[in-house]
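S.K.:
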Amino acid sequence: MFRPVELDRPLRGELVSLRRRMRSLSQSELAALAGITQGALSKIEQGIKDCTYEVQERLALALECPVSFFYQAEREYGAPMSAHPMYRKKASVPQKVLDRVIAELNIRIGHVRKFLSAVELNPELPLPFYDLDDMGGDPEAVANNVRRAWLLPRGPLRSLTEHVERAGCLVVHCPLNDAKIDGVSYRIPGLPPIIFLNKDQPADRMRFSLAHELGHVVMHAYPSPNMEEEADRFASALLMPASDIGPELQGLTLEKAAYMKPVWKVSMAAMIYRASDLGRIDRNKAGYLWRQMSIRNFRLREPSAVDFEPEKTSVMDVLVRNMVEDMDYTNEELAKILHLHYHELSSMYDLAPATGLRLVK
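Read in order, the letters of the sequence shown are residues 1 to 361 in UniProt numbering.
Here it is in structure tokens:
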């Protein structure tokens, strides 16, 4: 049987495992689809058994990818640092679902590396790292320093995504809803920080999730027991600086929170938390507001009348279009270098023609 020259080297079993997990298949399920024993598949994934090209084709067919997927040079990364405490909170989510998400994020990281091989990102804003111990253990102080480093004006932040991207981070919207994950972030040597956000979450939650993940990027080099709470406090202070929003939160009511939501672009719930943290409402008033939120079902879905549009990313779109328009790759060629079938490529990225924005190389 014909075997492409570029595949004339050992198959990487860990990539068979990665793709299997992305497809939410067990070893026994994939083995049955490929017509081999589970023991044989286990040995292939462990790298202790080679397989014929015919078996590789059957594996690729079952996993809906080209055979070349199994020969990439990309390494596999584990769950991001911020995901470990998240796993404990998502006990109701099957491990298979979480494994699928981490596998897909790995594949997207490989794509980012290829996209960036053709260009160089030049951040316009600094992305400092702060040791919390040096900041008195106060995430709010870190958030205030980030706002100062970015020369942000007082008041509501118009587009957090724009500033995060200008600081050199990549923001990627992708489907994470089945895993009940709002966002995760990776810091990988040789790549800019990458923040993955659940594209199906409401705009207010997505914005807070982005601020939360930015907190991990600028504060957390290693996991810690309190890192999620610290990232929440950072996000709250970044989006709602105490000196700016504090007076407006005095005596907060649901009606006032609804009015402020499209201005500050945070949820009504986030404002109640912030008002309580800043002492602008007392414990009794906070309890009353939460009861009212529950009675009106606002804890499940805040009123649509005060919704605002989700923030749009730009850098990832430009990176993809750079490959197609500036580097003259056809969509089929782009699919080939990413080791995908075209239908999967088009489901992951917007391949529509650009309207004018280009990268300068």
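Every residue gets a Cβ at the ideal spot worked out from N, C-alpha and C, and that includes glycine.
#1: Which residues does DSSP pair with P186 in a beta bridge?
#2: In the DSSP assignment, find the beta strand (DSSP E) that holds L170 and state where it starts and stops.
#3: Would you kindly work out how many angstroms separate the C-alpha atoms of I48 and E29, rounded to a whole number?
#4: Do you know how far the Cα of D328 is from the Cα of residue 443?
#5: With a threshold of 6 Å on Cβ separation, who are the neighbours of V172 within its own chain once the five nearest residues in sequence on each side are excluded?
#6: Which of helix, strand or coil does DSSP assign to A167?
#7: What distance in whole Å lies between the Cβ atoms of A103 and M22, which are believed to be in contact at a cut-off of 8 Å?
#8: If you measure between the beta carbons of A141 and M135, is that distance less than 7 Å?
#9: Over what stretch of residues does the alpha helix (DSSP H) that includes Q38 continue unbroken?
#10: Quick one: measure Cβ to Cβ for P192 and L170, integer angstroms, because I've assumed they're closer than 8 Å.
#11: Quick check: what's the CA-CA separation for E309 versus E302?
#12: What are the boundary residues of the alpha helix (DSSP H) that includes F208?
#13: Within its chain, find whatever has a CB closer than 7 Å to the CB of L121; leave out the 5 residues flanking it on each side and keep chain order.
#14: Take A231 and list the residues in its own chain whose beta-carbon comes closer than 8 Å to its own, dropping the five residues that flank it on each side.
#15: Within 10 Å of its beta-carbon, does P10 have 16 or more other beta-carbons around it, so buried, or fewer, so exposed?
#16: By alpha-carbon positions, which one of K180, A32 and E124 ends up nearest to R100?
#17: Tell me the DSSP secondary structure of residue 444 in three-state form.
#18: Between the C-alpha atoms of V320 and P128, what's the straight-line distance to the nearest angstrom?
#19: Would you check if there are 3 or more beta carbon pairs closer than 8 Å linking the segment 143-159 to the segment 282-294?
#20: Between the alpha carbons of S236 and A270, how many angstroms are there, rounded?
#21: Tell me the DSSP secondary structure of F70 in three-state form.
#22: Would you identify the three-state DSSP class for P94, choosing helix, strand or coil?
#23: Measuring only the C-alpha atoms, how far is E332 from Y342?
#24: Out of curiosity, what's the CA-to-CA distance linking M240 and G155?
#25: Mind checking whether D178 and Q201 have CB atoms under 7 Å apart?
#26: Take Q46 and list the residues in its own chain whose beta-carbon comes closer than 7 Å to its own, dropping the five residues that flank it on each side.
#27: Using the Cα positions of V97 and Q250, report the straight-line distance between them to the nearest angstrom.
#28: Measure the CB-CB distance between H111 and L338 and report whether it falls below 7 Å.
#29: Please classify Q349 as buried or exposed, where buried requires at least 16 other C-beta atoms within 10 Å of its C-beta.
#30: Could you tell me if E124 is buried or exposed, where buried requires 16 or more neighbouring beta carbons within 10 angstroms of its beta carbon?
#31: How is T330 classed by DSSP in three states: helix, strand or coil?
#32: Would you mind reading off the limits of the alpha helix (DSSP H) that contains V263?
#33: I'd like to confirm something about E333: is its beta-carbon nearer than 6 Å to some heavy atom of the ligand HEM, or not?
#34: Taking DSSP as the reference, what is the three-state secondary structure of L11?
#35: Please state if the CB of G39 and the CB of R58 are separated by a distance shorter than 7 Å.
M.R.: Based on what the coordinates show:
#1: A small fix is needed here, since residue 186 is Tyr in this sequence, not Pro. Residue pairing of Y186 in beta bridges, as defined by DSSP: I194.
#2: L170 to C174
#3: 20 Å
#4: Outside the shown range of the chain (1 to 361) lies residue 443, about which nothing can therefore be said.
#5: In the same chain as V172, and ignoring 5 residues on each side of it, the C-beta atoms closer than 6 Å to its own belong to F196 and M316, in chain order.
#6: The answer is coil: DSSP assigns A167 none of H, G, I, E or B.
#7: Beta-carbon to beta-carbon, M22 and A103 are separated by about 4 Å, close enough to satisfy the 8 Å threshold.
#8: yes
#9: Q38 to E45
#10: 6 Å
#11: Cα-Cα distance, rounded: 14 Å.
#12: A203 to M219
#13: G168 and P192
#14: S82, P139, H212, E213, G215, H216, M219 and H220
#15: exposed
#16: K180
#17: With the chain running from 1 to 361 in the structure shown, residue 444 is simply not present.
#18: 27 Å
#19: no
#20: 8 Å
#21: helix
#22: coil
#23: In this model, E332 and Y342 are separated by some 6 Å (Cα to Cα).
#24: Between M240 and G155, the C-alpha separation is close to 8 Å.
#25: No, these two residues do not count as a Cβ contact at 7 Å.
#26: G13
#27: C-alpha separation (whole angstroms): 43 Å.
#28: yes
#29: It is Tyr, not Gln, that sits at residue 349 in the sequence shown. Y349 comes out buried.
#30: exposed
#31: coil
#32: Element bounds for V263: L254 to W264.
#33: Of ligands this structure carries none, so the ligand HEM is not represented either.
#34: Secondary structure at L11: coil, using DSSP grouped into helix, strand and coil.
#35: no
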